[in-house]
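Chemist: For reference, the structure I am asking about is given below.
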Amino acid sequence: MARCKLTIKSDFGVPLNDLFGIFFEDLNHAADGGLYAEMVQNRSFEFEPVDHEGYHETYAWEINHPDQAVISSDQPLNSKNLHYLAVKSGAEDLTVTNRGFNQGMFVQEDHTYLFSMFASAKEKGMVQVFLENSQHQQLSPTAVIAVDVPGWKKYQVVIKANQDSIEGRLVVKILPNSHLNLDMISLFPTDTFHHRENGVRRDLGEALAAMHPKFMRFPGGCLVHDGTLDPNDRESMYRWKNTIGPVEKRPTRRNKWGYNQTLGLGYYEYFQLAEDLGAKPLPVLPGGHDPHHKRAVPIDQLQPWIDDALDLIEFANGDTDTKWGKKRAELGHPKPFGLEYLAIGNEEVGQAFFDRYPYFHKAIRERYPNIKLINTSGPFASGSEFDRGWKSAKENGSDFVDEHYYMSTDWFLANQHRYDHYDPKGPKAFLGEYASKENKWYNAVVEASYMTGLERNADKVGLACYAPLLANVDYIDWDPVLIFLNQHQIAPTVNYYVQQLFMTYQGTHNVQYSIDGLSDPVVKDDQPITGQFGFEGDLAEVTYNNVTFTDRKSGNQQDFNGGQLLERKRQLIGQTDSDDYTLSFDATKTGGRPDKGFHLIFGQASDPDYFMWVLGGWENQDSIIKQRGAHGMESDWDQCQWTMESDHQYHFDIHVHDRQITTSIDGHQFNEIEIMPTVIQPLYSNMTFDEKIKSYYLKLVNVTDKPVTILLKDTHFQNGQYRELSADPETENKIGESNNLKINKTTVDGSSIRVQPYSVNVLISK
Numbered sequence: 002m003a004r005c006k007l008t009i010k011s012d013f014g015v016p017l018n019d020l021f022g023i024f025f026e027d028l029n030h031a032a033d034g035g036l037y038a039e040m041v042q043n044r045s046f047e048f049e050p051v052d053h054e055g056y057h058e059t060y061a062w063e064i065n066h067p068d069q070a071v072i073s074s075d076q077p078l079n080s081k082n083l084h085y086l087a088v089k090s091g092a093e094d095l096t097v098t099n100r101g102f103n104q105g106m107f108v109q110e111d112h113t114y115l116f117s118m119f120a121s122a123k124e125k126g127m128v129q130v131f132l133e134n135s136q137h138q139q140l141s142p143t144a145v146i147a148v149d150v151p152g153w154k155k156y157q158v159v160i161k162a163n164q165d166s167i168e169g170r171l172v173v174k175i176l177p178n179s180h181l182n183l184d185m186i187s188l189f190p191t192d193t194f195h196h197r198e199n200g201v202r203r204d205l206g207e208a209l210a211a212m213h214p215k216f217m218r219f220p221g222g223c224l225v226h227d228g229t230l231d232p233n234d235r236e237s238m239y240r241w242k243n244t245i246g247p248v249e250k251r252p253t254r255r256n257k258w259g260y261n262q263t264l265g266l267g268y269y270e271y272f273q274l275a276e277d278l279g280a281k282p283l284p285v286l287p288g289g290h291d292p293h294h295k296r297a298v299p300i301d302q303l304q305p306w307i308d309d310a311l312d313l314i315e316f317a318n319g320d321t322d323t324k325w326g327k328k329r330a331e332l333g334h335p336k337p338f339g340l341e342y343l344a345i346g347n348e349e350v351g352q353a354f355f356d357r358y359p360y361f362h363k364a365i366r367e368r369y370p371n372i373k374l375i376n377t378s379g380p381f382a383s384g385s386e387f388d389r390g391w392k393s394a395k396e397n398g399s400d401f402v403d404e405h406y407y408m409s410t411d412w413f414l415a416n417q418h419r420y421d422h423y424d425p426k427g428p429k430a431f432l433g434e435y436a437s438k439e440n441k442w443y444n445a446v447v448e449a450s451y452m453t454g455l456e457r458n459a460d461k462v463g464l465a466c467y468a469p470l471l472a473n474v475d476y477i478d479w480d481p482v483l484i485f486l487n488q489h490q491i492a493p494t495v496n497y498y499v500q501q502l503f504m505t506y507q508g509t510h511n512v513q514y515s516i517d518g519l520s521d522p523v524v525k526d527d528q529p530i531t532g533q534f535g536f537e538g539d540l541a542e543v544t545y546n547n548v549t550f551t552d553r554k555s556g557n558q559q560d561f562n563g564g565q566l567l568e569r570k571r572q573l574i575g576q577t578d579s580d581d582y583t584l585s586f587d588a589t590k591t592g593g594r595p596d597k598g599f600h601l602i603f604g605q606a607s608d609p610d611y612f613m614w615v616l617g618g619w620e621n622q623d624s625i626i627k628q629r630g631a632h633g634m635e636s637d638w639d640q641c642q643w644t645m646e647s648d649h650q651y652h653f654d655i656h657v658h659d660r661q662i663t664t665s666i667d668g669h670q671f672n673e674i675e676i677m678p679t680v681i682q683p684l685y686s687n688m689t690f691d692e693k694i695k696s697y698y699l700k701l702v703n704v705t706d707k708p709v710t711i712l713l714k715d716t717h718f719q720n721g722q723y724r725e726l727s728a729d730p731e732t733e734n735k736i737g738e739s740n741n742l743k744i745n746k747t748t749v750d751g752s753s754i755r756v757q758p759y760s761v762n763v764l765i766s767k
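Counting in the working numbering, the sequence shown runs from 2 upward without gaps.
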């Protein structure tokens with residue numbers, strides 16, 4: 002057991018400002034069926050197969066006499082909401098029932114729910130509304146609505162449940178001989194977070210508020226820029242003006258993540274939510290470029306996109322006598338939202354975006370010089386697109402550069418000092434998306450160790466947020482996340498509690514301190530990259546030949562036969578124990594998927610421990626050096642933009658020297674990266690001071706299986722408070738289970754503390 006001594010050296014170092022926040026993107030049904038409190042799925046009958054295979058206009062609805070109800074667009078509610086249910090009941094009741102999300106709606110005894118719908122009467126009709134369960138047992142009294150006007154009119158009534166159910170259904174019963182049109186059939190709990198109309202779920206809102214985030218990034222993510230250039234298209238990029246105003250006038254949209262997006266949770270609601278959380282809003286706008294489909298607005302047609310950015314700032318901050326400030330006031334919020342940050346673009350790759358970014362930057366700077374502008378450096382931690390983004394930021398004077406990476410725990414441990422050498426005078430890094438790929442406690446502890454480095458480098462890292470935030474367990478597109486949910490439960494992951502601790506005890510300034518007497522770090526995986534090598538298919542048809550292995554130390558060469566790659570089959574052809582070698586080969590793509598290429602496998606010491614040179618990669622745009630390690634966890638060490646054209650023979654070279662990797666294609670250099678070894682410190686820490694409450698916070702993170710004892714030489718911490726999070730490394734929280742994390746809160750008794758194995762802690766001065 003290590004015994005160490007803590008000493009405070011000086012107060013008030015670098016300010017931390019708004020360092021730790023949250024990021025919301027509507028994937029995993031995080032909005033509809035998640036945070037957004039709407040309980041009806043497909044409330045406006047706008048679902049279509051283009052949104053998701055299996056969708057149709059009455060998806061999630063059950064109609065007992067389908068011959069008496071049809072989807073029509075002859076007399077739509079408005080130009081944005083074209084489809085509605087036209088019903089003509091016969092001699093019997095016609096019931097239209099919605100099942101909501103998951104296995105049904107969550108209704109609670111004595112809780113009230115606001116039902117609303119738009120309806121028009123061809124002939125006067127009577128509608129009954131009530132809740133029932135999946136066995137058709139009624140869960141509420143029946144409300145009666147008389148639809149008696151020929152034009153569209155909104156009807157609403159409050160329903161009170163008299164039983165609990167997690168399989169609730171909303172039943173709209175049309176009485177006999179009624180001829181009606183129905184649209185925007187909605188059910189909301191009246192007890193939303195902060196009781197907002199059209200608001201968010203209270204349990205989720207409270208869980209987010211309990212984190213104490215300094216900012217909230219929204220609404221994406223790839224969701225922002227993946228789409229067409231026409232704002233009226235169903236598959237358009239995310240255009241903020243489509244998301245404000247009455248929900249019935251907001252167009253439905255195909256979500257990037259493969260489902261329907263109602264836009265009920267729009268920009269006004271996001272600004273309100275950020276305000277309710279005490280977080281600063283950080284919106285992300287498209288920059289007129291879609292890297293997924295290589296679409297770009299002609300530069301001479303960019304002004305409407307720039308105007309969208311300028312108008313958004315006016316919407317958030319403008320006086321009520323301005324056009325968009327007045328619009329905000331009309332929506333119910335005359336007070337400005339206080340927007341400080343604005344991001345243009347998300348994970349942009351290719352020069353097209355960076356040719357357009359300066360136009361946004363210049364226009365916003367001239368009109369709103371105090372807005373902090375955020376540029377982008379793509380979805381990788383290193384390489385050509387990363388460098389392109391940072392170059393643009395420095396040339397234009399961006400305030401921040403948005404970095405994104407999802408890596409293995411070994412990568413995070415190997416890169417603890419990533420930001421130590423960033424320039425404090427240049428743009429600051431915004432770590433806008435990161436995670437270590439699992440929701441196990443070991444992952445959370447490693448993320449905590451990395452966060453101490455973010456704090457320590459607050460003069461170079463200005464903002465950071467984990468991603469993604471939410472996932473409905475029945476609709477998962479991407480995990481890990483911070484909170485899992487279904488229609489009636491939430492399960493904050495163990496990673497959530499780490500983020501909460503760092504946000505709650507962030508502090509206002511760094512403090513100089515020392516912990517003396519720690520044992521030496523443990524270095525692993527520092528050997529040269531050796532082992533088996535060969536090729537692997539990636540759903541394209543590729544032939545390879547002229548394969549030569551050269552040992553650069555001995556000068557020996559070995560030639561190998563060519564072959565053909567199909568599907569995902571692997572062909573290992575050789576092995577080396579040299580620490581300095583080159584692999585050269587030719588390859589031609591002859592068929593298969595146009596968005597794919599192939600892989601070179603090398604350095605395979607065992608399965609699944611190996612490296613690969615990914616050629617084609619994401620949408621056939623990449624040359625990536627990837628490492629796969631324990632539990633199949635992958636890390637993309639370096640990425641350069643490259644596309645493999647069909648029927649063209651390319652020549653490839655990869656040079657591996659110790660742990661340095663260099664690649665070239667047709668004689669042009671691409672990747673160049675040193676694979677840093679995993680270094681495990683006996684303890685990770687950082688100290689901050691909270692000027693508001695005059696308290697010191699010392700974060701202590703132990704990623705090892707050995708405890709550490711710290712002697713508290715400084716009296717500030719004697720009799721202070723100690724918060725400890727600990728668990729077995731494999732521990733995770735799942736929906737329907739209690740929190741499996743051990744959370745201890747104690748008062749320091751004596752002059753030392755014991756930092757438990759695999760724990761995340763904060764010591765708070767008295």
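Virtual Cβ for every residue (Gly too), placed ideally from N, Cα, C.
#1: Check whether the region 516 to 523 touches the region 543 to 562, counting contact only when three or more Cβ pairs, one atom from each stretch, lie closer than 8 angstroms.
#2: Is it the case that the region 338 to 352 contacts the region 274 to 283, given that we only count it when at least three CB pairs across the two stretches are under 8 angstroms?
#3: Keeping to the same chain, check which residues put their C-beta closer than 6 angstroms to that of residue 59; ignore five residues upstream and five downstream.
#4: Taking contact to mean 3 or more Cβ pairs, one atom from each stretch, closer than 8 angstroms, check whether the region 666 to 678 and the region 607 to 627 are in contact.
#5: With DSSP as the reference, label residue 37 as helix, strand or coil.
#6: Which residue comes first and which comes last in the beta strand (DSSP E) that contains residue 656?
#7: Using DSSP bridges, identify the partner residues of residue 175.
#8: Apart from the five residues on each side of it in sequence, which residues of its chain come closer than 8 angstroms, Cβ to Cβ, to residue 298?
#9: Tell me whether residue 300 is buried or exposed, calling it buried when 16 or more other Cβ atoms sit within 10 Å of its Cβ.
#10: Suppose the cutoff is 7 angstroms on Cβ atoms and the five residues either side in sequence are ignored; what does the same chain contact list for residue 766 look like?
#11: Mapping the DSSP letters down to three states, classify residue 310 as helix, strand or coil.
#12: Looking only at its chain, what residues have a beta carbon closer than 6 angstroms to the beta carbon of residue 354, apart from the 5 residues adjacent to it on each side?
#13: Using 8 angstroms as the cut-off, can you tell me whether the region 195 to 212 makes contact with the region 156 to 176, which would need three or more C-beta pairs spanning the two stretches below that distance?
#14: Would you mind giving the Cβ-Cβ distance between residue 484 and residue 502, rounded to the nearest angstrom? I have them listed as a contact below 8 angstroms.
#15: Could you round the C-beta distance between residue 432 and residue 459 to whole angstroms and report it? I think they count as a contact, below 8 angstroms.
#16: Shortest alpha-carbon distance to residue 90 belongs to which of 121, 216 and 178?
#17: Put residue 838 into one of helix, strand or coil per three-state DSSP.
#18: Out of 233, 95 and 568, which one is the CA nearest neighbour of residue 87?
#19: Would the beta-carbon of residue 515 fall within 8 angstroms of that of residue 10?
#20: Please confirm whether residue 42 and residue 34 have their CB atoms less than 8 angstroms apart.
#21: Can you tell me the Cα-Cα spacing of residue 637 and residue 381, whole angstroms?
#22: Report buried or exposed for residue 422, applying the criterion of at least 16 other Cβ atoms within 10 angstroms of its Cβ.
#23: From what residue to what residue does the beta strand (DSSP E) around residue 710 run?
#24: Closer than 7 angstroms by C-beta to residue 451: which residues in its own chain qualify, once you throw out the five before and the five after it? Chain order, please.
#25: Out of curiosity, what's the CA-to-CA distance linking residue 122 and residue 182?
#26: Do three or more CB pairs link the region 534 to 545 to the region 588 to 604 at distances below 8 angstroms?
#27: Verify the CB distance criterion: does residue 9 have a CB-CB separation below 8 angstroms to chain D?
#28: Quick one: which unbroken beta strand (DSSP E) runs of 3-plus residues sit fully inside the region 301 to 368? Chain order, please.
#29: From 597, 657 and 491, pick the residue whose C-alpha is nearest to that of residue 643; which is it?
#30: Between residue 402 and residue 395, what straight-line distance do the alpha-carbon atoms span, to the nearest angstrom?
#31: Rounded to the nearest angstrom, what separates residue 194 and residue 434 at their Cα positions?
#32: CB-CB under 6 angstroms to residue 445, same chain, minus the five flanking residues each way: which ones, in chain order?
#33: Taking 6 angstroms as the limit between beta carbons, can you name the residues of its chain near residue 691, skipping five residues before and five after?
#34: Could you tell me the distance, in whole angstroms, from the CA atom of residue 171 to the CA atom of residue 22?
#35: Compute the Euclidean distance between the alpha carbons of residue 77 and residue 322, then round it to the nearest angstrom.
#36: In three-state terms, what does DSSP make of residue 4?
Modeler: Answer, in terms of the structure:
#1: Contact annotation: the region 516 to 523 does not touch the region 543 to 562, with fewer than three C-beta pairs closer than 8 angstroms.
#2: Result yes; three or more Cβ-Cβ pairs closer than 8 angstroms.
#3: Only residues of its own chain outside the window of five on either side were considered, and among them none has a CB closer than 6 angstroms to the CB of residue 59.
#4: Contact holds between the region 666 to 678 and the region 607 to 627, because three or more Cβ pairs, one in each stretch, are under 8 angstroms apart.
#5: Three-state DSSP puts residue 37 in a strand.
#6: Counting along the chain, the beta strand (DSSP E) containing residue 656 begins and ends at 650 to 658.
#7: Assignment of beta-bridge partners to residue 175 by DSSP yields 95 and 128.
#8: Within its own chain, the residues whose Cβ lies closer than 8 angstroms to the Cβ of residue 298, once the five positions on either side in sequence are excluded, are 230, 289, 290, 306 and 357, listed in chain order.
#9: With fewer than 16 other beta carbons inside 10 angstroms of its own, residue 300 counts as exposed.
#10: Excluding sequence neighbours, residue 766 sits near 696, 697, 717, 718 and 721.
#11: Correct three-state label for residue 310: helix.
#12: Once the five neighbours on either side are set aside, the close Cβ partners of residue 354 are 288, 290 and 346.
#13: Output reads no: the region 156 to 176 does not touch the region 195 to 212.
#14: Contact between residue 484 and residue 502 is ruled out by a C-beta separation of about 15 angstroms, above the 8 angstroms threshold.
#15: Not a contact, Cβ separation roughly 12 angstroms.
#16: It is 178 whose Cα lies nearest to the Cα of residue 90.
#17: The requested residue 838 is not part of the displayed model; the chain covers only 2 to 767.
#18: That would be 95, whose Cα lies nearest to the Cα of residue 87.
#19: Yes.
#20: Yes, the pair counts as a contact, with Cβ atoms nearer than the cut-off.
#21: Approximately 7 angstroms between the Cα atoms of the pair.
#22: In this structure residue 422 is exposed. Its beta-carbon is surrounded by fewer than 16 other beta-carbon atoms within 10 angstroms.
#23: Its beta strand (DSSP E) spans residues 709 to 713.
#24: These residues qualify, in order along the chain: 413 and 417.
#25: If you take the alpha carbons of residue 122 and residue 182, they lie about 6 angstroms apart.
#26: Contact holds: three or more Cβ-Cβ distances are below 8 angstroms.
#27: Included in the structure is just one protein chain, with no chain D present.
#28: Listed in chain order, they are 342 to 345.
#29: The shortest C-alpha separation from residue 643 is found at 597.
#30: When rounded, the distance between both Cα atoms is 9 angstroms.
#31: Residue 194 and residue 434: Cα-Cα distance of roughly 26 angstroms.
#32: 495, 496 and 499, listed in sequence order.
#33: If we look at residue 691 and ignore the five residues flanking it on each side, its Cβ neighbours are 508 and 509.
#34: Going by the C-alpha atoms only, they are around 37 angstroms apart.
#35: When rounded, the separation of the alpha-carbon atoms in residue 77 and residue 322 is 34 angstroms.
#36: When DSSP states are grouped into helix, strand and coil, residue 4 belongs to the strand group.
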